[in-house]
Amino acid sequence: MSDNNVCSSGERAVKDEKYYFESGDCTFSVEGVLFKVARLQFCQDPDSAFAHMFEVAQGSPSEPIQLHDSVESFRALCWAMYSPPTQMFHAWNEPESVDLQKYLLIIDIANKYGLADHEIWGWMMARRIANGDAVSKHLKACPEDELEGMMRLGWRCASSAPELIELVESAWLARIRLGVDKGRVSYRRALTVGEDCGRRRFQGDVYGELRRQLIHGSTVMQLGAAAFDHFDLEPYQLDRLLRGHALLSHHTRTVPASAWPAKPRIVPQINAYQPDRLLRGHALLSHHTRTVPAWPARPRTVPQVDASGPTNTQGTQSAFGQSGAFGSAFAQPSFVISPFRPSNWVCYDHNNCQAEWDSLAVGPDWLEKARETRSAPDGVFDVSASTCVETYLNTLAAEWSQRLASRAELAVDISEFFLGPA
Numbered sequence: 001m002s003d004n005n006v007c008s009s010g011e012r013a014v015k016d017e018k019y020y021f022e023s024g025d026c027t028f029s030v031e032g033v034l035f036k037v038a039r040l041q042f043c044q045d046p047d048s049a050f051a052h053m054f055e056v057a058q059g060s061p062s063e064p065i066q067l068h069d070s071v072e073s074f075r076a077l078c079w080a081m082y083s084p085p086t087q088m089f090h091a092w093n094e095p096e097s098v099d100l101q102k103y104l105l106i107i108d109i110a111n112k113y114g115l116a117d118h119e120i121w122g123w124m125m126a127r128r129i130a131n132g133d134a135v136s137k138h139l140k141a142c143p144e145d146e147l148e149g150m151m152r153l154g155w156r157c158a159s160s161a162p163e164l165i166e167l168v169e170s171a172w173l174a175r176i177r178l179g180v181d182k183g184r185v186s187y188r189r190a191l192t193v194g195e196d197c198g199r200r201r202f203q204g205d206v207y208g209e210l211r212r213q214l215i216h217g218s219t220v221m222q223l224g225a226a227a228f229d230h231f232d233l234e235p236y237q238l239d240r241l242l243r244g245h246a247l248l249s250h251h252t253r254t255v256p257a258s259a260w261p262a263k264p265r266i267v268p269q270i271n272a273y274q275p276d277r278l279l280r281g282h283a284l285l286s287h288h289t290r291t292v293p294a295w296p297a298r299p300r301t302v303p304q305v306d307a308s309g310p311t312n313t314q315g316t317q318s319a320f321g322q323s324g325a326f327g328s329a330f331a332q333p334s335f336v337i338s339p340f341r342p343s344n345w346v347c348y349d350h351n352n353c354q355a356e357w358d359s360l361a362v363g364p365d366w367l368e369k370a371r372e373t374r375s376a377p378d379g380v381f382d383v384s385a386s387t388c389v390e391t392y393l394n395t396l397a398a399e400w401s402q403r404l405a406s407r408a409e410l411a412v413d414i415s416e417f418f419l420g421p422a
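In structure tokens:
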């Protein structure tokens with residue numbers, strides 16, 4: 001078959017306008033486009049896939065070698081190989097004169113064929129554009145398909161482009177925290193790609209953001225089997241979220257921040273047995289205690305608040321699927337926990353006293369007194385508690401969310417809670 005006749009798909013092949021050299025001694029066919037080039041350029045690295053390709057090639061030298069790449073990628077590689085020195089000098093001194101996408105294509109195809117020098121050079125040049133900010137700016141607005149592709153590229157090119165995967169993770173998380181709708185990203189895809197690339201810390205960060213949305217999110221979840229559908233997670237991802245949420249809530253209540261170990265003492269055991277009612281209900285009740293401004297019933301007793309929480313446990317049974325306002329939350333797979341409580345702070349733990357939430361009467365200085373004395377003030381004032389207690393809980397949760405995000409302070413990788421031990 002002549003190298004300018006027909007490609008393998010049966011369509012008539014066309015010569016590339018720039019990289020079809022009559023003096024070339026090998027021909028590549030890429031998406032129906034013929035590239036006739038000098039074999040020497042592609043064989044300089046004896047360990048490359050091209051060098052091996054020529055060793056085992058059979059048939060006529062004029063017969064095109066089929067490559068399963070895009071025309072744009074192969075043209076970018078040819079540009080890197082055949083550009084004259086003056087053009088390369090200009091690209092070095094004027095980094096913005098070359099589009100970032102061209103360098104990313106070079107990195108990708110060079111990695112595929114084992115062209116280590118071109119792979120390293122492509123990343124070096126990409127980092128020169130806009131003083132190193134071009135990649136980050138691109139990641140802030142690119143489609144999620146491209147985010148995924150660049151994360152997988154960063155995973156494959158960890159030695160030649162060591163910063164790339166962390167740049168992608170930072171951008172993806174920033175867009176998730178902006179809101180999946182505004183950021184045009186999804187939790188499910190981020191978790192799937194993170195798992196495929198073995199990025200546990202990234203998965204932990206995504207689950208941590210999911211947990212924050214579960215507790216503080218503006219969407220009021222409905223009780224029932226579809227309560228978590230708006231997260232759009234795979235079933236196993238939802239299971240990890242709920243287990244990790246329960247374990248992390250327990251851990252932050254029982255272990256002081258200063259004493260958190262390098263790895264948590266309790267880690268989730270993911271297996272076939274799933275206590276759905278407990279986990280889903282725990283998550284739902286935590287969410288509702290933060291998003292529903294008033295509980296349905298008037299208080300029968302004022303809870304005694306101390307360092308271990310209120311002594312009144314009325315309402316617990318209904319939360320787990322017995323009679324009461326929250327029975328439906330647990331009768332169908334559904335449940336939730338309250339805000340974090342550092343061991344040295346008092347916390348109005350309303351998990352077990354839903355009825356008191358509506359009109360618990362406390363003074364406006366309750367928060368400061370509670371922090372100072374580590375116990376509730378003696379007097380109970382005739383003031384609606386909604387604003388005071390809600391403000392306290394929100395403040396407490398916000399401070400702990402901030403501390404949770406600071407790994408230097410907590411010194412723990414939260415991915416352990418959601419994914420189990422590494």
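Numbering-wise, the sequence shown is residues 1 to 422 according to full-length UniProt numbering.
Here a beta-carbon is modelled for each residue, glycine too, at the ideal position from N, C-alpha and C.
If you're wondering where the values come from, they're calculated on a predicted model, not measured in any experiment.
Query	Result
Where C78 sits in the DSSP three-state scheme	helix
Buried/exposed call for V56, threshold 16 Cβ in 10 Å	exposed
D16, enclosing beta strand (DSSP E) - first and last residue	V14 to Y20
Validate contact between the segment 69-81 and the segment 105-116 using beta carbons, cut 8 Å, 3 pairs	yes
Under 9 Å between C-beta atoms of R211 and L419	no
Segment limits, beta strand (DSSP E) that includes V98	That residue, V98, is in no beta strand (DSSP E); it is neither H nor E in DSSP.
Between the CA atoms of Q203 and E163 - distance to the nearest angstrom	18 Å
Integer Cβ distance of S73 from T27, believed to fall under 8 Å	About 17 Å; that fails the 8 Å criterion.
Beta-carbon gap between S415 and D205 smaller than 9 Å	yes
Supposed contact pair L242 and A283 - C-beta distance, whole angstroms, cut 8 Å	5 Å
Distance, M151 Cα to D196 Cα	10 Å
Whole-angstrom C-beta distance between R201 and E144, which should lie under 8 Å	At roughly 20 Å, the Cβ-Cβ gap does not stay under 8 Å, so E144 and R201 are not in contact.
C-alpha gap between G122 and H230, whole angstroms	40 Å
Exposed unless 16 or more other CB atoms sit within 10 angstroms - verdict on S160	buried
V37 (DSSP reduced to helix, strand or coil)	strand
Cβ neighbours of L248 in the same chain (closer than 6 Å, five flanking residues each side left out)	F417
L67, DSSP secondary structure in three states	strand
Nonlocal neighbours in the same chain, by C-beta distance under 7 Å from residue 435, ignoring five residues either side	Outside the displayed range of the chain (1 to 422) lies residue 435, so it cannot be described from this structure.
Local conformation of E416 per DSSP, three classes	helix
For V28, the first and last residue of its enclosing beta strand (DSSP E)	This sequence places Phe at residue 28; Val is not what is there. Residues C26 to V30.
Backbone CA spacing between A13 and Q66 [nearest angstrom]	12 Å
Best match in M53, G24 and D47 for proximity to K36 [C-alpha to C-alpha]	G24
Spatially closest choice to R127 from G149, V180, L104 and D117, by CA coordinates	L104
Delimiting residues of the alpha helix (DSSP H) encompassing P85	P85 to N93
Whether R199 touches I176 by CB criterion (9 Å)	no
Backbone secondary structure at A158 - three-state DSSP	coil
Simplified DSSP assignment, three categories, for A134	helix
As assigned by DSSP and simplified to three states, the class of Q354	A caution first: Q354 carries a pLDDT of 32, below 50, which makes its placement in the model unreliable, though a value can still be read off. Reduced to three states, the DSSP call for Q354 is helix.
T254, buried or exposed, once every other Cβ within 10 Å from all chains shown has been counted against 16	exposed
Rounded Cβ spacing between S136 and L167 (contact assumed at less than 8 Å)	6 Å
Range covered by the alpha helix (DSSP H) that runs through A174	L164 to L178
Residue nearest to V180 in terms of C-alpha spacing, selected from Y19, R156 and A141	A141
L153 beta carbon less than 9 Å from that of A171	no
C-alpha gap between Q213 and V193, whole angstroms	21 Å
DSSP state of Y236 mapped onto helix, strand, coil	helix
F228 - DSSP class collapsed to helix/strand/coil	coil
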